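Colleague: These protein sequence lines map, in sequence, to chains A and B. Okay, so the first sequence: first residue is 1 according to our numbering, each after it adds one. Okay, so the second sequence: first residue is 384 according to our numbering, each after it adds one. We treat Cβ as the ideally placed atom computed from N, Cα and C, and that holds for glycine. Being a predicted model, the structure only gives us computed values, none of them experimental. First the structure, then my questions, so here it is.
Protein chains: 2
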Amino acid sequence: MIHCPKCHQVDSINKAGMVRGKQRYYCKSCQRHFSFADTPKPRSKHQVTIVDMARELGISKSTVSRALRDQSDIHPSTRKAVVELAQQLDYQPNLLAYGLVKSRTNTVGMIVPEFHHYFFPEVIIGTQEVLQAAGYNLMICQSNESYQTEVANVKALMASRVDGLIVSMTSETNNIDHFKALENKGTPLIFFNRICPELETHRVVVDDYEGAYRAVTHLLEQGYRRIAHIAGPGSLLISRLRQKGYTDALASYGIELDPELIITYDLTDEKARIYATYLLDLPTPPDAIFAVNDPTAIQVMLVAKAKGVRIPEELAVVGFSNDPISAIIEPGLTTVSQPVGEIGRTAARLFLETIRLGEQTVPRTETLKTELIIRGSSVVRPA
Amino acid sequence: MIHCPKCHQVDSINKAGMVRGKQRYYCKSCQRHFSFADTPKPRSKHQVTIVDMARELGISKSTVSRALRDQSDIHPSTRKAVVELAQQLDYQPNLLAYGLVKSRTNTVGMIVPEFHHYFFPEVIIGTQEVLQAAGYNLMICQSNESYQTEVANVKALMASRVDGLIVSMTSETNNIDHFKALENKGTPLIFFNRICPELETHRVVVDDYEGAYRAVTHLLEQGYRRIAHIAGPGSLLISRLRQKGYTDALASYGIELDPELIITYDLTDEKARIYATYLLDLPTPPDAIFAVNDPTAIQVMLVAKAKGVRIPEELAVVGFSNDPISAIIEPGLTTVSQPVGEIGRTAARLFLETIRLGEQTVPRTETLKTELIIRGSSVVRPA
DNA sequence: CTGTTAGCGCTTTCAG
DNA sequence: CTGAAAGCGCTAACAG
């Protein structure tokens with residue numbers, strides 16, 4: 001008596017012609033061809049499939065599929081049986097198979113340059129919040145500020161067929177071919193924070209220029225005049241905008257720019273300390289430093305403190321982002337606060353919108369507001 | 384003249400029998416059956432497949448597949464042609480299809496309770512470092528300290544057919560059925576930090592008991608006697624161990640435990656402030672507080688400072704983890720440092736080992752060393 | 001060295 | 001309401 005090597009049924013076997021001299025059979029129950037020796041695979045440990053359940057219930061896998069998706073007409077009792085069995089066997093649909101069929105993975109990829117500081121993890125939290133509510137998963141990659149890694153990340157995410165990409169570029173990224181290639185593939189691409197001005201995509205930014213302008217104006221109002229700027233790498237638009245805000249604020253006070261007081265660096269903590277030291281050791285050191293972000297400003301403060309330079313009397317410091325540390329360090333760090341979570345949420349919403357509108361999407365730049373948070377690092381208390 | 388609706392070839396068409404009254408054809412070139420009207424789908428924007436490339440080169444898709452994987456003998460010229468075309472068309476293999484065939488995704492899932500503080504992002508960095516070098520991707524989920532979310536995360540990751548799971552549990556997790564279910568599926572599971580003592584799995588921990596014991600002993604050595612402990616939730620082994628270290632250290636000095644001085648809480652910043660306030664407002668307030676982790680200790684310090692309680696003269700504070708903030712706050716926070724990155728790397732290595740050994744894996748607990756970092760928050764300087 | 005065939009787990013027509 | 005068959009993009013066993 002012939003039985004299916006897979007489901008061990010006997011009734012539902014038909015002959016199905018000869019192949020390579022071997023008689024082949026077809027099992028109607030599990031919709032599989034087989035021939036001997038097609039040894040039944042030892043599948044002791046494997047995830048439950050709809051075929052397993054179909055066999056168990058003596059129905060076709062299509063019916064199981066339909067019952068699970070709960071659309072199209074299904075006899076209530078059938079549905080009930082299927083759903084219960086699924087529950088009992090802890091059935092998890094295979095998203096790989098699903099994605100293959102639907103060309104849709106319900107997953108979006110996110111690439112951020114680093115994970116060490118407050119900013120990016122907090123953006124991710126916001127993004128995930130919105131995406132999860134919409135039924136999407138998030139695949140997060142860190143590029144480590146490396147162009148190579150960023151390219152690899154894009155490839156890996158595309159190979160996983162993510163439905164979209166949310167990216168903040170590395171400071172090394174000059175060549176953007178890996179992003180351009182996405183256009184042909186129809187994969188939505190959203191930039192935030194460190195955007196790519198050359199690409200027409202959705203973007204989420206804050207008013208970096210204005211924030212910087214206000215920050216430096218505040219320093220000027222407080223009477224500081226020899227204001228240095230530790231800037232981010234020129235490759236990032238965000239650095240250039242903040243620097244421009246600094247420059248223009250000085251200009252509006254009729255202060256001539258001292259190139260010696262502008263330092264561009266790679267955003268690593270070690271370098272921040274080196275340049276802070278350099279500035280403070282200048283024959284005529286600055287009386288204030290505007291840093292491109294809070295981690296930089298914190299390093300400046302630590303160096304100044306170690307040197308015995310009094311803040312804010314001898315040196316004022318202002319940062320950007322309102323990292324929680326800035327409220328904890330003493331004196332408190334004056335900083336330009338960004339709505340970090342909202343940046344993440346907005347990026348997620350732009351992605352969802354793109355999916356909804358498809359071809360009709362018009363790339364848009366969402367600019368969120370910053371706020372100057374004044375703390376002790378820039379205000380000499382009235383004596 | 385009949386042509387394939389997909390590749391538009393004319394030569395390679397065979398008749399392939401009648402189906403439902405319609406003549407069906409088979410295109411040898413692209414290995415597809417078709418019949419009219421099988422309108423060619425408008426595939427303007429789609430990712431390149433091996434079939435596309437096979438068609439373009441006039442060879443079979445298997446050959447393309449082989450050439451790309453660069454194993455088994457392939458004619459050099461064929462390989463060259465394929466590789467060049469792949470390059471030119473920016474071909475990315477479809478990992479969904481690959482995973483489906485191989486029952487392997489080269490992706491591991493990671494579930495952490497939160498993203499707000501230093502600890503977990505830094506562990507992730509370590510994990511990703513090792514995994515990436517081994518050719519694995521990481522899918523990161525945040526459970527937000529919610530049991531429901533954790534269960535959903537496990538399901539989502541399993542649906543994506545990750546090859547393994549690296550987890551730090553939520554403080555709410557009592558029911559562990561969702562982890563038990565993994566055993567039948569043969570999915571490696573590795574816990575770190577907040578492990579699951581009921582489950583026989585690989586684990587990565589630090590010597591929490593010992594670290595806590597040393598920390599409290601240090602406080603005792605410094606002369607503090609009324610030492611409070613703000614503990615984590617009792618559901619976490621990690622909390623219980625640190626609390627036991629605290630208790631035993633006191634006992635070793637013959638100090639009787641004051642239950643009033645032990646507070647168990649849910650690890651949220653707000654609650655930390657409330658309990659710190661409570662302790663400091665006690666009729667006989669503690670002269671030292673050992674906190675279950677640095678974020679808690681930081682909140683304690685902030686509350687104390689706001690109240691004008693002098694640290695360390697009136698109140699000593701010790702934390703756990705050596706969060707960078709602890710070096711920045713003033714006075715510096717004495718803390719038990721954990722090798723955070725190494726925790727992540729170790730977890731990743733245990734996963735890789737499990738994959739390598741398969742069934743023969745014997746669950747192991749890796750215990751990493753902590754180190755007491757003494758700073759100003761617990762040492763009154765010699766007058 | 002290359003082509004053919006089957007199948008991974010699922011959805012989706014098309015036929016009853 | 002249910003089943004049969006085809007196909008998503010890929011690998012693999014087999015046959016030349």
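For residue 704 of chain B, which beta-bridge partners are listed by DSSP?
Modeller: B:720
Colleague: Mind checking if residue 299 of chain A is an interface residue toward chain B, Cβ cutoff 7 Å exclusive?
Modeller: no
Colleague: List the endpoints of the continuous beta strand (DSSP E) containing residue 371 of chain A.
Modeller: Looking at the DSSP string, the run of the beta strand (DSSP E) that includes residue 371 of chain A is 371 to 373.
Colleague: Go through the segment 188 to 262 of chain A residue by residue and report every complete run of the alpha helix (DSSP H) that reaches 4 residues or more, in order.
Modeller: 208 to 221, 237 to 252
Colleague: Could you check whether the Cβ of residue 355 of chain A sits closer than 7 Å to any Cβ belonging to chain B?
Modeller: no
Colleague: Quick check on the burial criterion: 16 or more other C-beta atoms within 10 angstroms. Buried or exposed for residue 256 of chain A?
Modeller: exposed
Colleague: Take the Cβ of residue 452 of chain B as the centre, count every other Cβ of all protein chains shown within 10 Å, and call the residue buried at 16 or more, exposed below.
Modeller: Under the 10 Å beta carbon count, residue 452 of chain B is surrounded by fewer than 16 other beta carbons and is classified as exposed.
Colleague: Using 7 Å as the limit for Cβ to Cβ distance, is residue 293 of chain A near chain B?
Modeller: Residue 293 of chain A does not count as touching chain B.
Colleague: Can you tell me where the beta strand (DSSP E) holding residue 137 of chain A begins and where it ends?
Modeller: Per DSSP, residue 137 of chain A is one residue of the beta strand (DSSP E) stretching across 137 to 142.
Colleague: Verify the CB distance criterion: does residue 445 of chain B have a CB-CB separation below 7 Å to chain A?
Modeller: no
Colleague: Thinking just about the alpha-carbon of each residue, which of B:734, B:753, B:495 is nearest to the one in residue 572 of chain B?
Modeller: Closest in C-alpha terms to residue 572 of chain B, from the list B:734, B:753, B:495, comes B:734.
Colleague: Go to residue 505 of chain B, then tell me how far its alpha helix (DSSP H) extends in each direction, as first and last residue.
Modeller: 502 to 516
Colleague: Let me see if you follow: with CB-CB separation under 7 Å, is residue 185 of chain A close to chain B or not?
Modeller: It does; some Cβ of chain B falls within 7 Å.
Colleague: Sort B:484, B:439, B:732 by Cα distance to residue 471 of chain B and report the nearest one.
Modeller: The alpha carbon of residue 471 of chain B has as its nearest neighbour, out of B:484, B:439, B:732, the alpha carbon of B:439.
Colleague: Rounded to whole angstroms, what is the Cα-Cα separation between residue 604 of chain B and residue 755 of chain B?
Modeller: 14 Å
Colleague: I need the DSSP call for residue 107 of chain A, collapsed to helix, strand or coil.
Modeller: strand
Colleague: Please work out which residues of its chain come closer than 8 Å, Cβ to Cβ, to residue 337 of chain A, disregarding the five sequence neighbours upstream and downstream, and give them in chain order.
Modeller: 321, 322, 370, 371, 372, 373
Colleague: How far does the beta strand (DSSP E) with residue 750 of chain B in it extend, from its first residue to its last?
Modeller: 748 to 751
Colleague: Should residue 489 of chain B be flagged as near chain A, meaning a C-beta pair shorter than 7 Å?
Modeller: Chain A, which has no Cβ nearer than 7 Å to the Cβ of residue 489 of chain B, makes this no.
Colleague: May I ask you to list, following chain order, the residues of the segment 700 to 729 of chain B that have a beta carbon less than 9 Å from some beta carbon of chain A?
Modeller: 707, 708, 710, 711, 712, 713
Colleague: Out of curiosity, what's the CA-to-CA distance linking residue 521 of chain B and residue 139 of chain A?
Modeller: In this structure, the straight-line span from the alpha carbon of residue 521 of chain B to that of residue 139 of chain A is close to 8 Å.
Colleague: What residues in its chain sit with their C-beta under 7 Å from that of residue 285 of chain A, if we drop five residues either side in the sequence?
Modeller: Sequence-distant partners of residue 285 of chain A (beyond 5 residues in either direction) whose C-beta falls short of 7 Å from its own C-beta, in its chain, are 279.
Colleague: Could you check where the alpha helix (DSSP H) with residue 550 of chain B kicks off and where it finishes?
Modeller: Premise fails: residue 550 of chain B lies in the beta strand (DSSP E), 547 to 550, not in any alpha helix (DSSP H).
Colleague: On the criterion of 16 or more Cβ atoms from any shown chain inside 10 Å, does residue 454 of chain B qualify as buried, or is it exposed?
Modeller: exposed
Colleague: To be precise: take each residue of the segment 531 to 552 of chain B, compare its Cβ to all Cβ atoms of chain A, and keep it if any distance is under 7 Å. Which residues remain?
Modeller: Close to chain A, meaning a Cβ-Cβ distance shorter than 7 Å, are the following residues of the segment 531 to 552 of chain B: 538, 539, 541, 542, 543, 544.
Colleague: Within 7 Å of any Cβ in chain A, is that where the Cβ of residue 756 of chain B sits?
Modeller: no
Colleague: Could you check whether the Cβ of residue 520 of chain B sits closer than 7 Å to any Cβ belonging to chain A?
Modeller: Yes, its Cβ sits closer than 7 Å to a Cβ of chain A.
Colleague: How big is the Cα-Cα spacing for residue 624 of chain B and residue 150 of chain A?
Modeller: 41 Å
Colleague: For residue 176 of chain A and chain B, any beta-carbon pair shorter than 7 Å?
Modeller: Judged by the 7 Å Cβ criterion, residue 176 of chain A is not in contact with chain B.
Colleague: Of all Cβ atoms in chain A, is any one closer than 7 Å to the Cβ of residue 498 of chain B?
Modeller: yes
Colleague: On the three-pair Cβ rule with 8 Å, is the segment 343 to 363 of chain A touching the segment 178 to 192 of chain A?
Modeller: yes
Colleague: Are three or more beta carbon pairs between the segment 116 to 123 of chain A and the segment 93 to 105 of chain A nearer than 8 Å?
Modeller: no
Colleague: When the cut-off is 7 Å and only beta carbons count, does residue 95 of chain A lie next to chain B?
Modeller: yes
Colleague: Based on DSSP bridge pairs, tell me the residues matched to residue 290 of chain A.
Modeller: A:229, A:318
Colleague: At which residues does the alpha helix (DSSP H) containing residue 561 of chain B begin and terminate?
Modeller: 560 to 568
Colleague: Output, in chain order, the set of chain B residues within a Cβ distance shorter than 9 Å of residue 302 of chain A.
Modeller: 710, 711
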